[in-house]
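Each residue of the sequence shown is one higher than the one before, starting from 3 at the first, in this note's numbering. Glycine included, C-beta positions come from ideal geometry on N, C-alpha and C. Written below as structure tokens is the structure these notes are about.
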Amino acid sequence: MKRLLFRFCIMVETVMKRRIAVKVWDVLEIAQALDGSLSAGNHGLEQEVRFIEVMEVPEVEEWATEGLLVITNFYSVKDNPERWLDIISGLIEKKAAGIVIKVGRFVEKLPNELIELADRHDFPIITIPKWVAYIDLLTPLYGLLRQEGDASADNNALHSFKDMIFNSVEEALEYLSATLNGGSVYIEDVQGLLLYSSGRFYRDPWRKTGMVFSPPTHSEYQDNLRRWKDRILRDDHFYIYLPGKLSRLIIPLYTRQEIFAFIHLPFHNQTLMNSLSKKSIEAIQHKLYETVMSELVEMQKHCMSRVDEFKRAISNHSNLKAKVILYFKENQKLPLGSSRVVDYDCMLQKKWLDLLDQIPNVEQSFIFEKEDMYVLLILSELRSMEEIVEDVSNIADHFPVPDIYVGISPVFYHFNELDAKVKAVTNMMDFGREYYPDNKIYSYYQLGIYEFFIKLSQDSSAREYAQQILGPLESEGDPELLETLIMYLQENGNASRAAEKLYIHRRTMTNRLLKIKSLLNMDLDNSNHIFILQFCLKIKRVNEQ
3 MKRLLFRFCI MVETVMKRRI AVKVWDVLEI AQALDGSLSA GNHGLEQEVR FIEVMEVPEV
63 EEWATEGLLV ITNFYSVKDN PERWLDIISG LIEKKAAGIV IKVGRFVEKL PNELIELADR
123 HDFPIITIPK WVAYIDLLTP LYGLLRQEGD ASADNNALHS FKDMIFNSVE EALEYLSATL
183 NGGSVYIEDV QGLLLYSSGR FYRDPWRKTG MVFSPPTHSE YQDNLRRWKD RILRDDHFYI
243 YLPGKLSRLI IPLYTRQEIF AFIHLPFHNQ TLMNSLSKKS IEAIQHKLYE TVMSELVEMQ
303 KHCMSRVDEF KRAISNHSNL KAKVILYFKE NQKLPLGSSR VVDYDCMLQK KWLDLLDQIP
363 NVEQSFIFEK EDMYVLLILS ELRSMEEIVE DVSNIADHFP VPDIYVGISP VFYHFNELDA
423 KVKAVTNMMD FGREYYPDNK IYSYYQLGIY EFFIKLSQDS SAREYAQQIL GPLESEGDPE
483 LLETLIMYLQ ENGNASRAAE KLYIHRRTMT NRLLKIKSLL NMDLDNSNHI FILQFCLKIK
543 RVNEQ
């Protein structure tokens, strides 16, 4: 069976330059910090780690070697525990250093036979939880393997960079970040808008945020971008080296002899920066171009297929699973770039959908409007509105665009209700932002009642009734009286708190309330009168809207 691999390889020369070799117990210490543990091979922790490979389909006979540490989740053999035994036996025979296995997703539990086999041969098996990203384990391991080495070790790792296979651009940038002293590595378009960045973004003098499509914060970034582009095209520069505060390499990405993006490689280690060979820089440029273009093409295909999937979904009237609409409205429209290469809308959609997939029990999600973004979530099982609001709140800090408001529709089951729910959540958002401007998330559970007030406000008898009740306050010509009544009711009849909110003396508040009671002939301690006033005020506000 042909190997499907995602491979990070650290060459043996790296370790040979170290005074102290990396041992399996070093790996265990890192894994334990990530809630990992040792499952077998306690007496083999002194084994030396000389190579690291992350592979989804371990075929031992083809590639295992002495000192190899394998990291895997056993995806392709998840249903064949006997194959697990063969893999461990092969690694033992090849004198590999050990294996790290993700458990909880494809492998729920290691069988006793596997643990007994590893213990008999002092072969370490370390397990890590399913939520641990490979790079969280690899980054500190790279640091250990590079420790007390020299810059040629990094060049060796970068030479082989173009031959590696990555699942995403971010994964490739994360590898570069780990190899180049753990700093941020990112890609901007020619206008400076951020397209991709390594997972851990660190502020630097060029940009302060890792938010997608955000521009640089450097005061002269536009002039710098123009100069870089002119310099590269005019003088046929392969890259630009920036010393001083902006210490970094700028590597262009081309398509059809046109620059469409810049790779930023900031450096904290000047010696390492100066020692990078042209071969290493070519490897970075070649691999990132290949990975970016591949991802952009796949992204566009995915966006097109999602449109067809959405059409099929809404035509499936037998699908009676719980559904909810999320309405995302930007306070300020995110500026998108113009490029023949980058589909900004599609890229933003992917980031949103990847994030929304983290909401529990979401079976499918579809973005079906681009201007003001509406998302349909189809749930595998019903969740209460409180739970849905909490789920959205939990991911709010990771929204790919800043300063955004979210409206959550009522749960519904039939696709023929879609248009009505879109209208309901849109109206609800307008009222939410008007009445509760400090909130960012609005739910129909909280504000759906305003839909009824909209309908009532269109009834002339309801408008006349509200006017008759509140008219005496308005005819008095003192707007402070109406403002005082609204604040008093908002504070649930607490006059002291209402006075504080209005910045007036408690005695002034008392005098105003007495005047309001007299004008309206209403008892502000009577629950029926309070209900009437609340009702009339809401009709008035909706009507003004």
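| Asked | Found |
| --- | --- |
| I'd like the list of long-range same chain contacts for GLY495, defined as Cβ closer than 8 angstroms, with 5 residues on each side in sequence excluded. | LEU526, ASP527 and ILE532 |
| ILE261 to ARG107, Cα distance in whole Å? | 42 angstroms |
| Does SER320 come out as helix, strand or coil in the three-state DSSP assignment? | coil |
| Cα separation between ASN545 and ASN429? | 13 angstroms |
| Note the first and the last residue of the continuous beta strand (DSSP E) segment covering THR257. | 250 to 257 |
| Tell me whether THR512 is buried or exposed, calling it buried when 16 or more other Cβ atoms sit within 10 Å of its Cβ. | exposed |
| Which runs of the beta strand (DSSP E) spanning at least 3 residues fall entirely within the stretch 72 to 133, listed in chain order? | 100 to 105 and 127 to 131 |
| Among all the DSSP beta bridges, which residues are the ones paired with ASP191? | ALA263 |
| Keeping to the same chain, check which residues put their C-beta closer than 6 angstroms to that of ILE361; ignore five residues upstream and five downstream. | ASP393 |
| Among residues of its own chain, excluding the 5 on either side of VAL105, which ones have a beta-carbon nearer than 6 angstroms to its beta-carbon? | THR129 |
| If you count every other CB in all the chains shown that lies within 10 Å of the CB of MET489, and 16 or more means buried, which is it? | buried |
| Could you check the C-alpha separation between VAL56 and TYR177 for me, to the nearest Å? | 12 angstroms |
| Relative to the C-alpha of VAL134, which candidate in ASP28, GLY479, ILE73 and PHE401 has its C-alpha closest? | ILE73 |
| Work out the CA separation of PRO402 and GLU150 for me, nearest whole Å. | Residue confidence is low: GLU150 scores 38 on pLDDT, short of 50, so the model does not pin down where it sits. No coordinate-derived value is stated. |
| Would you decide whether ARG228 is buried or exposed? Buried here means 16 or more other CB atoms lie within 10 Å of its CB. | exposed |
| What's the C-alpha gap between HIS220 and PRO207? | 7 angstroms |
| According to DSSP, is MET166 part of a helix, a strand, or is it coil? | coil |
| Is the number of C-beta pairs between the stretch 118 to 129 and the stretch 89 to 96 that are closer than 8 angstroms three or more? | yes |
| In whole angstroms, give me the CA-to-CA distance for ALA120 and CYS305. | 46 angstroms |
| Nearest by alpha-carbon distance to VAL391: which of LEU449, GLY473, ASP232 and ILE369 is it? | LEU449 |
| How many Å lie between VAL14 and PHE53 at the Cα? | With a pLDDT of only 33 at VAL14, under 50, the local geometry of the prediction cannot be trusted, and the value read off the model is given with reservation. Their backbone Cα atoms lie some 6 angstroms apart in a straight line. |
| At what residues does the alpha helix (DSSP H) containing TYR376 begin and finish? | Where TYR376 is concerned, there is no enclosing alpha helix (DSSP H), although the beta strand (DSSP E) it sits in stretches over 375 to 381. |
| Quick check on the DSSP output: the alpha helix (DSSP H) that includes GLU172 runs from which residue to which? | 171 to 181 |
| Run through the DSSP bridge pairs and tell me what PRO268 is partnered with. | ARG250 |
| Tell me whether the stretch 372 to 385 and the stretch 319 to 329 touch, counting them as touching only if at least three CB pairs, one residue from each stretch, are closer than 8 angstroms. | yes |
| Inspect the beta-carbon positions of SER445 and VAL427 and report whether they are closer than 7 angstroms. | no |
| Closest to ALA468 by CA distance: which of PHE163, ARG543, LEU251 and LEU36 is it? | ARG543 |
| Give a yes or no on contact between the stretch 165 to 175 and the stretch 250 to 258, applying the rule of three or more CB pairs nearer than 8 angstroms. | no |
| Identify whether PHE370 lies in helix, strand or coil by the three-state DSSP scheme. | strand |
| Pick helix, strand or coil for GLY185, following the three-state DSSP scheme. | coil |
| Can you tell me whether DSSP reads ILE361 as helix, strand or coil? | coil |
| Could you compute how far the alpha carbon of THR96 sits from the alpha carbon of TYR291? | Rather than Thr, the amino acid found at residue 96 in this sequence is Lys. Between LYS96 and TYR291, the C-alpha separation is close to 37 angstroms. |
| Can you tell me the Cβ-Cβ gap for VAL102 and LEU70, rounded? I've got them flagged as a contact below 8 angstroms. | Not a contact, Cβ separation roughly 12 angstroms. |
| Express the C-alpha separation of SER367 and SER154 in angstroms, rounding to a whole number. | With a pLDDT of 48 at SER154, under the threshold of 50, the modelled position of this residue cannot be trusted, and the question is left open. |
| Quick one: using the 10 Å Cβ neighbour count with 16 as the cut-off for buried, is SER41 buried or exposed? | buried |
| Assuming the contact rule is C-beta atoms closer than 8 angstroms, PHE330 and VAL377 should be a hit. Round their C-beta distance to whole Å, please. | 7 angstroms |
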